[in-house]
Amino acid sequence: DGGITQSPKYLFRKEGQNVTLSCEQNLNHDAMYWYRQDPGQGLRLIYYSQIVNDFQKGDIAEGYSVSREKKESFPLTVTSAQKNPTAFYLCASSGQGAGETQYFGPGTRLLVL
Amino acid sequence: GQNIDQPTEMTATEGAIVQINCTYQTSGFNGLFWYQQHAGEAPTFLSYNVLDGLEEKGRFSSFLSRSKGYSYLLLKELQMKDSASYLCACSGGGATNKLIFGTGTLLAVQP
Numbered sequence: 247d248g249g250i251t252q253s254p255k256y257l258f259r260k261e262g263q264n265v266t267l268s269c270e271q272n273l274n275h276d277a278m279y280w281y282r283q284d285p286g287q288g289l290r291l292i293y294y295s296q297i298v299n300d301f302q303k304g305d306i307a308e309g310y311s312v313s314r315e316k317k318e319s320f321p322l323t324v325t326s327a328q329k330n331p332t333a334f335y336l337c338a339s340s341g342q343g344a345g346e347t348q349y350f351g352p353g354t355r356l357l358v359l
Numbered sequence: 420g421q422n423i424d425q426p427t428e429m430t431a432t433e434g435a436i437v438q439i440n441c442t443y444q445t446s447g448f449n450g451l452f453w454y455q456q457h458a459g460e461a462p463t464f465l466s467y468n469v470l471d472g473l474e475e476k477g478r479f480s481s482f483l484s485r486s487k488g489y490s491y492l493l494l495k496e497l498q499m500k501d502s503a504s505y506l507c508a509c510s511g512g513g514a515t516n517k518l519i520f521g522t523g524t525l526l527a528v529q530p
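Taken in sequence, the protein lines are chains A and B. Convert by adding 246 to the 1-based position in the first sequence; the result is the number in our numbering. Convert by adding 419 to the 1-based position in the second sequence; the result is the number in our numbering.
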């Protein structure tokens with residue numbers, strides 16, 4: 247069954263703690279993306295990767311880091327430098343190139359304790 | 420600059436037709452996507468327009484005018500399950516597939 251999985255569904259972070267959100271896809275897509283969604287706002291791009299071992303900052307990369315060591319995996323780390331991390335995080339993947347449809351995982355909701 | 424505008428909320432009646440508009444101003448443009456998102460869930464793909472005109476897919480149709488920077492999503496024979504947010508997103512030009520999203524339109528379908 248092809249698709250994108252994200253884990254966990256809910257994640258709690260303490261002040262000053264780094265947390266890592268998982269994103270895996272078996273669609274054989276080259277490109278992967280991380281978005282943040284806040285109430286009343288559109289999806290905002292954090293990081294994206296067009297190919298293994300390469301990634302680029304999106305519009306709101308500060309306080310986040312990523313890696314792309316495998317085609318299937320694109321984990322996102324929310325560092326302690328991110329002062330307002332509470333949000334719904336969505337991972338997506340697509341074929342490479344303009345006009346390819348992005349398909350989304352189920353999302354991870356991050357809450358700060 | 421990059422700007423995508425959609426109405427924040429709309430209400431419609433079950434069985435009726437509703438049109439959700441989207442206007443955009445982007446520095447580059449390849450095409451326009453529409454996604455549906457139910458509360459707390461992932462966005463799901465509805466349509467992609469790259470050429471001017473109307474694309475019909477079952478109860479949903481999407482229209483694009485590149486010269487006017489305008490698109491709409493038309494939903495016919497509304498059902499209660501169509502209550503969701505509808506996201507307009509522009510493929511921003513160039514070789515990458517970066518998308519720029521509007522804030523979404525929350526549609527409430529009433530009996």
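Note that CB positions come from ideal geometry on N, CA and C, so glycine has one too. This one's a predicted model, so the numbers in the text were calculated from it and none came from an experiment.
Min CB distance A527 (chain B) to chain A below 8 Å: no
Three-state class that DSSP yields for K500 (chain B) in the structure shown: helix
As assigned by DSSP and simplified to three states, the class of L483 (chain B): Here L483 (chain B) sits in strand by DSSP.
Below-8 Å beta-carbon distance, P462 (chain B) vs any chain A residue: True, the Cβ-Cβ gap to chain A drops below 8 Å.
Through-space distance from R259 (chain A) to E315 (chain A), alpha-carbon basis: 25 Å
Terminal residues of the beta strand (DSSP E) in which K476 (chain B) lies: 472-476
Buried/exposed call for I423 (chain B), threshold 16 Cβ in 10 Å: buried
Cβ separation of T427 (chain B) and G488 (chain B), assumed to be a contact under 8 Å, to the nearest whole Å: Contact doesn't hold; Cβ gap of about 19 Å is too wide.
Run of the beta strand (DSSP E) containing Q271 (chain A), from where it starts to where it stops: 265-271
Rounded separation between F350 (chain A) and S313 (chain A) - CA only: 18 Å
Beta-carbon separation (whole angstroms), G249 (chain A) vs V469 (chain B), contact threshold 8 Å: Their Cβ separation, rounded to whole angstroms, is 25 Å, which puts G249 (chain A) and V469 (chain B) out of contact at 8 Å.
Given Y256 (chain A) as reference, the closest of A:D276, A:A333, A:N299, A:L273 once Cα atoms are compared: Just measuring C-alpha positions, the residue of A:D276, A:A333, A:N299, A:L273 sitting nearest Y256 (chain A) is A:A333.
Own chain partners of A435 (chain B) with C-beta closer than 6 Å, once the 5 adjacent residues on each side are dropped: Scanning its chain for C-beta atoms nearer than 6 Å, with the 5 sequence neighbours on each side dropped, one finds around A435 (chain B) the residues L497, in chain order.
Interface positions of the region 465-479 of chain B facing chain A (Cβ-Cβ less than 9 Å), listed along the chain: Y467, V469
Cβ of G488 (chain B) within 8 Å of any chain A Cβ: no
Below-8 Å beta-carbon distance, S340 (chain A) vs any chain B residue: yes
Chain B contacts made by the region 271-298 of chain A, where a contact means CB separation under 7 Å: A277, G286, Q287, G288, L289, L291, Y294, Q296
Nearest-angstrom beta carbon gap, N516 (chain B) and G343 (chain A) [assumed within contact, 8 Å]: 6 Å
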